[in-house]
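**Q** Next up is a structure, given as structure tokens.
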Amino acid sequence: MADDKKGGLKELSPITIYKNLPKTNCKECGQDNCMAFAAKLVNRELELDACKPLQKPEYAKQYAALKELLKPAVKEVIIGVGEKAKKIGGKLVMYRHELTYKNPTAIAIDVTDEMPESEVVARVQKTENFSFEYIGNTLKLDMIAVRCTSDDADKFKACVKKVSETTKLPMILCAMNPQVMEAGIMATPKARPLLYAANSSNWKEMAELAIMYDAPLVASSPNDLDGLMSLAKTLQTYGVKDIVLDPGTFPNEGLQDTINNFTMLRRAATKAGNELAGLPLLGVPMAAWANKGETADDLIKWRESYIASMLVVRYADALILHGNDGWSLLPLAVLRQNIYTDPRKPVAVAPGLKVFGTPDENSPVMFTSNFALTYYTVASDIESSKTNAYLIVVESEGSAIDSGVAGRKLTAERIADAIKTSGVEGKVKHRKIISPGKASRISGEIEELSGWKVLVGPRDSSEIPKYIIDKWQP
Amino acid sequence: MEDFQLDAKELEILFEPGQAVNVLPKLKLPLGVGAGKPTSLLAQNFLPPVEKYPNKIATVKLGATRSEGGTRGRTVTLGGETSPAFYSFENPTPHKPIVTLDVFDMEVPLSKAVKMHVKDVVGDPAAWAKLAVEKFGADMVTMHLISVDPLLKDASPKEACKTVEKVLQAVDVPLVIGGCGDPVKDTALFEEVCAQFPGERFLISSVTRDMDGEKCAKFIKKAGNAVLAFTPMDLNFARELNRRLFDHLSREDIVMDLTTAALGYGLDYAFTNMERARIGGLMGDMELAQPMSSGTTNAWAAREAWLKMSADFEPRELRGPLWEVTTALTLLTAGVDVFMMMHPAAVKTLKDVTNYLTANKKADPTKFLEWVKVKA
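As structure tokens, this is what we get:
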């Protein structure tokens, strides 16, 4: 694709990298030689700092050259300090098929300085405690946005203080009045909160605060990219080190401009090498709450969630939301995880016999398809219930159960064959196999071809443990 | 002496009007050092990164009115894109993506959140189709004739055609005709449907690699229908199937289904496959330059869409349709042209968003910052 060829990855070759490496082949980075390390750097599988000799003073020049060569198209900005500090941006590419996206979109939930203190604490704790186990990953939220709705510097300061005492999550301080903003920062002067925001009227005072407190600063220029570039350039020249761009987020009929702005900025950064556009992008789905009129809260939460999801796909590096219900945040959190996985991860797992716990000759035998997500879901349900069992993974060309049966990828022939080649017949005395409920329509055929009795199990693997307790008899 | 002359020359150039511009950069004064901190905003324009693509996506028209040889009251057109999805800073979206609602010809397992909306019409495809169009705003209806499945009711293609006839009577939108997934039975079904209803310009869903592509393409062509080419998640399979169909059908007769996996269950693969197919098609890969369809109803295969979860994640009546919406909108941004969907709220949102994304209304920047102070 021409889109791919234009740069972004800067056509880096391992040779270019190798030329600047110490060429000691010391293996400290874990690779056999410097050339292998260079190849890993080009594929972004290792970081430059894994090379220890390169950090010696005599290599300072090469180190700087390599840093420049490997510089991402979108600058990385760190919000907060300590363990929970959040890296945003750092993107190398436009499309996820080019290379795994770095630094998943950071999600912030807001509090305001006019909420009762108990509500502020409750919201912060709810954000911090949001947690969902999803195929071996724990999905979490990342930051707290503190908004000044009172216009009162003391109130804002007190609220920021309360939040900083309640959580170590990084903060986004939201106040357009520089005096109010300064009061907020003073409550936690070393916490490197993201400051929201500099615009065409307050930029100088905000820039001074960002420099004085070494904090990253948002440049806000709603639906005006010329204005945004002008602001970013001015702030950079002024001496602000870390800048985040806010092109504005507009619900409903404003979505077209919103999506276009994010897309244009990211393409300019990754394909045209525009360094001012190459700053992290902030989306504010929370804008859906402004001027909401009589619209029901649940509808606004719904809207806010889908705008956030569209911006996860279309290049937002951080998001601010107000709705904190699990039902509206879960699809967003799962989507973010999906979009930021390694696109090279295979869609299928190897077929064959998988053993869970310590099964014996009376333990249940089940089968499933070799679609990776199906397999991991089933495996995690069996594992978490500590069931002892055999699971036969049947070659189904990476199809899930229902689509595999419908599309003739998961067939009785393949299942019968998998039972035979798995060797499970030598491991159990019985001849009963539990079928996924969604494959029930081929159970007759399986029995005919394999000689095993088929027990139709639950349609969803979350019910496997209960099914085995209630129904399994060898 | 020579040195002095050189200096003098440079000075001359420096003070020569019109030349100064060329010389100034040579002074290499670091920005912000010599000049100090800026006291007013520095000008900087943003150059929109507009690209040109050598190819465009094929256009497929579905449904036929009486004057066109069918019986439909309206038709829909898919595809025709000249840019990636909704890059309207480059080119407008020629045809809005559309929604076709699923109707089944027998009872099927449905999640509670979906069932509550259709429980009165399950088992009556004509009434179900009417509800989908009149109440839920469907642009099309997908008539899934799953009763022909040899492993279910094994109904005959002739019996299935009676259902098609009833649905044609009940609604005037274009139809997608869905089979049961059995390659042999579906071939027989589609052949019968094509013979009985020529000229309706159905979308026949679907022809797969393990079916007799030549045979299917011929009877589909003869009846003037269009075909949905379905392949599992692999673009090489999609290219191969399209190549086979191109021998008998024109580019204006083929829509691709590259497989939709649910949010949380492989949506990332589906998204990237579709995004690559669309960009590939625009860049000149003729074997992928077809409009795309998504079986978005697959979103309900995710347990998080329907399972009763801890109180923190309830109510599932909202979580479920939002799961379908999130799946749909992700694929909308990848370039999908037609969505096969289920839940009325999800359908409404998808239609709203496609309208927003093609409205060409300028977003009003003046009120944006109000979010900071909103007392929600």
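Line by line, the protein sequences are chains A and B.
If you want the numbering used here, it's the 1-based position in the first sequence plus 130.
Going by the numbering used here, the residue at position 91 of the second sequence is 77; the numbering climbs one at a time, nothing skipped.
Cβ atoms here follow ideal geometry from the backbone N, Cα and C, with glycine treated the same way.
1) Given this structure, state the Cα-to-Cα distance separating V324(B) from S592(A), to the nearest angstrom.
2) Starting from E206(A), trace the beta strand (DSSP E) in both directions and tell me its first and last residue.
3) Considering only residues of the same chain and omitting the five flanking positions on each side of A168(A), which have a CB-CB separation below 7 Å?
4) Buried or exposed: V485(A), going by 16 or more other Cβ atoms within 10 Å of its Cβ?
5) Closer than 9 Å by beta-carbon distance: list the chain A residues that pair up with E200(B), in chain order.
6) I'd like to know if M394(A) contacts chain B, where contact means its C-beta is closer than 7 Å to some C-beta of that chain.
7) Below 8 Å CB to CB, which residues in the same chain sit around W432(A) once its five sequence neighbours on both sides are set aside?
8) Give the residues of chain A in contact with V360(B), contact being defined as C-beta atoms less than 7 Å apart.
9) Ignoring anything shorter than 4 residues or poking outside the segment 155 to 192 of chain A, list the alpha helix (DSSP H) runs there in chain order.
10) So M336(A) packs on P308(A), CB below 8 Å; how close in whole Å?
11) Here's the rule: buried if 16 or more other CB atoms are within 10 angstroms of the residue's CB, otherwise exposed. What is D387(A)?
12) Do the segment 239 to 252 of chain A and the segment 216 to 231 of chain A make contact, defined as three or more Cβ pairs closer than 8 Å?
13) Three-state secondary structure (DSSP) at G219(A)?
14) Does any CB atom of chain A fall closer than 7 Å to the CB of R195(B)?
15) On the DSSP bridge assignment, give the partners of S496(A) in chain order.
16) Buried or exposed: which applies to K539(A), given that a residue is buried once 16 or more other Cβ atoms fall within 10 Å of its Cβ?
17) Check the Cβ-Cβ distances between T279(A) and every residue of chain B, and say whether any is below 7 Å.
18) May I ask you to report which of helix, strand or coil DSSP gives F299(B)?
19) Using a Cβ-Cβ cutoff of less than 7 Å, which residues in the same chain neighbour P202(A) once the five nearest sequence positions on both sides are dropped?
20) Considering H130(B), what are the terminal residues of the beta strand (DSSP E) in which it resides?
21) If we cut at 7 Å on Cβ distances, does G413(A) have a partner in chain B?
22) Of the residues K475(A), S515(A) and S493(A), which one's Cα is nearest the Cα of A502(A)?
23) Just verifying my parser: in three-state terms, what is the DSSP assignment at E263(A)?
24) Please confirm whether S248(A) has its beta-carbon closer than 7 Å to some beta-carbon of chain B.
25) For chain A, check one thing: does any of its Cβ atoms lie closer than 7 Å to the Cβ of T283(B)?
26) Any contact between the segment 480 to 496 of chain A and the segment 441 to 457 of chain A? By contact I mean 3 or more CB pairs, one from each, below 8 Å.
27) Closer than 9 Å by beta-carbon distance: list the chain B residues that pair up with V464(A), in chain order.
28) State buried or exposed for G55(B), treating a residue as buried only when at least 16 other CB atoms are found within 10 Å of its CB.
29) Suppose you measure from the CA of A340(A) to the CA of E434(A); what does that come to, to the nearest Å?
30) Could you tell me whether any Cβ in chain B is nearer than 7 Å to the Cβ of D356(A)?
31) Assign K320(A) to one of two classes, buried (16 or more other C-beta atoms within 10 Å of its C-beta) or exposed (fewer than that).
32) Taking a Cβ distance cut-off of 7 Å, strictly less, list which residues of the segment 433 to 447 of chain A are near chain B, in chain order.
33) Helix, strand or coil: how does DSSP classify K484(A) here?
34) When we look at the beta-carbon of Q185(A) and count the other beta-carbons within 10 Å, is it buried (16 or more) or exposed?
35) Taking the beta strand (DSSP E) that Y326(A) falls in, what are its first and last residues?
**A** Let me spell this out:
1) 32 Å
2) E206 to I209
3) P144, I147, Y148 and L151
4) exposed
5) The contacting residues do not exist; E200(B) stays about 19 Å from chain A at best.
6) yes
7) S458
8) W419 and A420
9) 164 to 172
10) 6 Å
11) buried
12) no
13) strand
14) no
15) It should be pointed out that residue 496(A) corresponds to Met in this sequence rather than to Ser. Note: M496(A) sits in a beta bridge opposite L521(A) and I564(A).
16) buried
17) yes
18) helix
19) G220, K221 and L222
20) M126 to H130
21) no
22) K475(A)
23) strand
24) no
25) no
26) no
27) L249, G250, L253, A288, E290, W309 and T312
28) exposed
29) 29 Å
30) yes
31) exposed
32) S435, Y436, S439, M440, V443 and R444
33) strand
34) exposed
35) L324 to A328
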